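Quick notes on the structure that follows.
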Amino acid sequence: MSSDTATHAQPGKATGQQPAWQRRLRRFGYAGQTRPGVRERLVPPYAEPGTRLWEVFGATPSAAARIARWSGWGGPLLVALCAGLTRFWRLGSPDNVIFDETYYAKDAWSIWEYGYEGTWPKAANDRILESPQHIPLGDAASYVVHPPVGKWVIGLGEQLFGLHPFGWRFMVALLGTVSVLMLCRIGRRLFRSTFLGCLAGALMAVDGLHYVMSRTALLDLVVMFFVLAAFGCLLVDRDQARARLAAALPAGEDGTPRTDPAVARGLKLGARPWRIAAGVLLGLAAGTKWNGLYVLAAFGLMTVLWDVGSRRTAGALRPYRAVLRRDLGWAFVSLVPVAIVTYIASWSGWFASSGTFDRGRGWQHSGYFRHWAESRKPDGGGYGTGGAFDWLLNPLRSLWHYESEVYQFHVNLDSPHVYQSNPWSWMVQSRPVSYFYESPRAGQEDCPTDAAEKCAREVLALGTPLLWWTACFALLYLLFRWALRRDWRAGAILCGIAAGYLPWFLYQDRTIFSFYAVVFVPFLCLAVAMMIGALLGPPGASETRRVIGAVGSGALVLLIIWNFIYFFPLYTGQTMPMDSWRARMWLDTWI
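Counting the sequence shown from 1 gives a position; my numbering is that position plus 2.
Given below as structure tokens:
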């Protein structure tokens with residue numbers, strides 16, 4: 003699919019006429035390519051679904067046509083079903099609190115109980131997991147360093163199924179499954195190909211990092227879900243805006259739309275609901291973890307550049323000026339203020355925890371720093387009380403103070419951790435994080451009775467190696483497509499990767515982990531799917547070229563699936579002989 007380019011009629015030159023250099027090359031046999039009309043360039047059509055495959059399996063032509071017609075939803079739903087079955091399989095195993103679940107599972111329960119994070123004793127995990135269960139939650143406020151949205155999401159599963167591993171992992175597994183469905187549909191819209199869309203979703207379904215994060219009550223997969231949903235909303239918004247431009251263009255003598263500088267420059271698109279929805283979703287992403295703010299900035303720039311390309315394609319002579327006048331203000335309002343309001347609204351439980359004031363003990367039954375502004379004395383440099391709007395301003399001042407304290411915590415977090423890693427190493431997955439590890443003896447926990455040594459049982463947050471290593475080459479291909487072919491699809495995918503990846507290079511001295519990369523896993527899968535689409539060959543390629551491309555691409559995909567199956571015991575915490583565990587430690591840094 004070609005990139006957006008302008009087509010302006012010039013004096014003395016017919017619209018659609020080939021440039022002079024192409025006409026000169028015709029004497030040497032150059033035929034050129036048929037340039038699609040402006041409508042097709044603004045809103046490229048979807049490829050017609052084929053029926054040949056279904057007829058091979060015995061379907062009648064009419065039945066094959068119906069199946070093909072529903073493939074746009076049937077294919078993604080089938081991929082998501084497979085992803086869901088694997089993600090919910092033995093979801094409660096390990097029956098333990100693994101890695102940072104010790105924070106988020108308990109904070110999620112507390113936030114549904116009080117609206118804020120309470121306090122837990124040191125032995126809380128054991129008491130939660132014992133039978134009968136004891137939930138030793140105190141109402142004294144606890145200092146936490148992440149916003150509440152992700153904990154509200156995790157806590158919903160706990161409210162449905164209880165405070166145990168299945169309950170606190172349920173909603174994350176559900177979001178992981180739905181994200182596969184979304185990626186299939188997003189890839190279909192991006193590539194105008196149901197096959198490539200389903201391929202991208204299938205690749206994410208068999209990515210080990212996405213799989214493990216879908217089965218663990220951590221916040222990063224929740225961020226990924228909102229980021230991916232926002233990207234999908236912006237794609238829909240792009241298509242709808244371009245369709246409105248195409249519909250407004252005047253028709254030529256042959257009845258087909260033609261470019262028109264006046265329409266391209268002056269058409270008002272106004273507030274666009276899908277872009278507002280993206281603003282809400284990006285506010286929720288930032289309300290889960292702050293790295294969502296970088297995605298907000300990147301996606302905001304991306305959608306504005308899409309508008310520039312749309313108006314240029316429609317015929318605007320100065321597309322940047324047209325966007326500045328007609329689109330930039332609405333784009334900003336739809337994203338930034340909407341995201342800010344959404345973020346503040348996500349703290350509603352904290353705001354509502356007004357508590358009570360005890361003269362001897364201070365504020366009780368309220369969130370951490372909830373009454374910081376009221377507690378400050380005017381002569382001490384604080385805000386005090388008594389102003390006409392203190393009922394509104396003091397909670398906001400307290401939240402601002404809380405956020406500034408959290409920011410200082412994050413930028414100064416440099417305590418060494420055995421599994422921390424530098425972002426330079428993430429793409430090759432050189433230092434995955436072990437969430438859980440046990441060494442059961444022979445005869446215990448499915449360890450063979452005749453085992454010569456202890457067995458191993460581990461949950462390792464490791465991306466499927468062959469998929470990630472393939473993605474390294476796919477990124478090079480996309481850089482070529484974006485920089486030298488001006489392919490907007492490559493630019494969109496690279497934007498998603500850059501927004502989730504590059505900001506971490508600013509904090510290389512911080513304690514950071516490779517599982518943060520799950521935020522841009524969907525875009526890596528889109529990159530690999532786009533590269534495989536190129537390997538399959540263009541529509542006009544010869545039969546031999548298509549066969550070679552199909553065999554090579556099929557072999558690559560099957561190897562990636564095999565790689566996921568091979569590491570599956572490490573993703574699910576299954577007990578295995580120590581020799582089998584060592585065989586899967588391909589790099590010394592994985593131990």
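Each residue gets a CB set at the ideal place from its N, CA and C atoms; glycine is no exception. Here the structure is a predicted model, which is why all the values come from computation and not from measurement.
Listed as beta-bridge partners of Pro579 by DSSP are Cys457. Residues Leu538 and Gly539 of the same chain have their beta carbon placed closer than 8 Å to that of Arg548, with the five preceding and five following residues left out of the count.
Here the C-alpha atom of Gly60 lies approximately 19 Å from the C-alpha atom of Gly77. In terms of CA proximity to Ala354, Gly117 leads the group Leu79, Ala67 and Gly117. Scanning Tyr479, Arg171 and Asp581 for the CA closest to the CA of Tyr213 turns up Arg171. Ranked by Cα distance from Thr466, the options Phe507, Val559 and Leu415 are led by Val559. For the pair of segments examined, the region 278 to 286 was found to touch the region 225 to 237: the number of CB pairs separated by less than 8 Å reaches three. Note that the region 93 to 110 touches the region 208 to 226; at least 3 beta-carbon pairs, one per stretch, sit closer than 8 Å. By the neighbour-count criterion, in which 16 or more other beta carbons inside 10 Å mark a residue as buried, Cys186 falls on the buried side. In the DSSP assignment, Tyr48 falls outside any beta strand (DSSP E) and carries neither an H nor an E.
Here His403 is actually not in contact with Trp428; their C-beta atoms are around 34 Å apart, not less than 8 Å. Taking a cut-off of 8 Å for Cβ pairs, the region 451 to 469 and the region 497 to 508 do not touch, as fewer than three such pairs fall below it. Listed in chain order, the non-local C-beta contacts of Leu271 below 6 Å within the same chain comprise Ala243, local neighbours out to five positions each way being set aside. By the 16-neighbour rule on beta-carbons within 10 angstroms, Gln431 is buried. DSSP places Ser555 inside the alpha helix (DSSP H), whose first and last residues are Glu545 to Thr574. Of the candidates Arg584, Pro150, Arg488 and Val229, the residue whose Cα lies closest to the Cα of Ala287 is Val229. Put simply, the region 140 to 151 does not touch the region 48 to 60. Fewer than three CB pairs are less than 8 Å apart. Distance check between Ala557 and each of Gly120, Trp349, Leu468 and Arg483 places Leu468 closest, using alpha-carbon atoms only. Rounded to whole angstroms, Gly542 and Val306 show a C-alpha spacing of 33 Å. The region 565 to 583 makes contact with the region 452 to 460: 3 or more CB pairs, one atom from each, lie closer than 8 Å. In this structure Leu303 is exposed. Its beta-carbon is surrounded by fewer than 16 other beta-carbon atoms within 10 angstroms.
DSSP places Leu237 in the helix class (H, G or I) of the three-state scheme. In the structure shown, Ala253 falls within a strand segment according to DSSP collapsed to helix, strand and coil. Beta-carbon to beta-carbon, Ser348 and Val151 are separated by about 5 Å, close enough to satisfy the 8 Å threshold. Here the alpha carbon of Ser400 sits roughly 11 Å from the alpha carbon of Leu394. Of the candidates Glu447, Pro46 and Ala67, the residue whose Cα lies closest to the Cα of Trp56 is Ala67.
Rounded to whole angstroms, the separation of the alpha carbons of Phe482 and Gln510 is 28 Å. By the Cβ test, the region 256 to 267 is not in contact with the region 190 to 197, since fewer than three Cβ pairs between them sit closer than 8 Å. Across the set Pro434, Pro571 and Leu480, the C-alpha of Pro434 shows the shortest separation from the C-alpha of Asp590.
Taking one beta carbon from each stretch, the region 160 to 168 and the region 420 to 427 have fewer than 3 pairs nearer than 8 Å; the two do not touch. Rounded to the nearest angstrom, the Cβ distance from Ala324 to Arg267 is 5 Å, consistent with a contact under 8 Å. Between Leu247 and Ala316, the C-beta gap is smaller than 7 Å, which places the two residues in contact.
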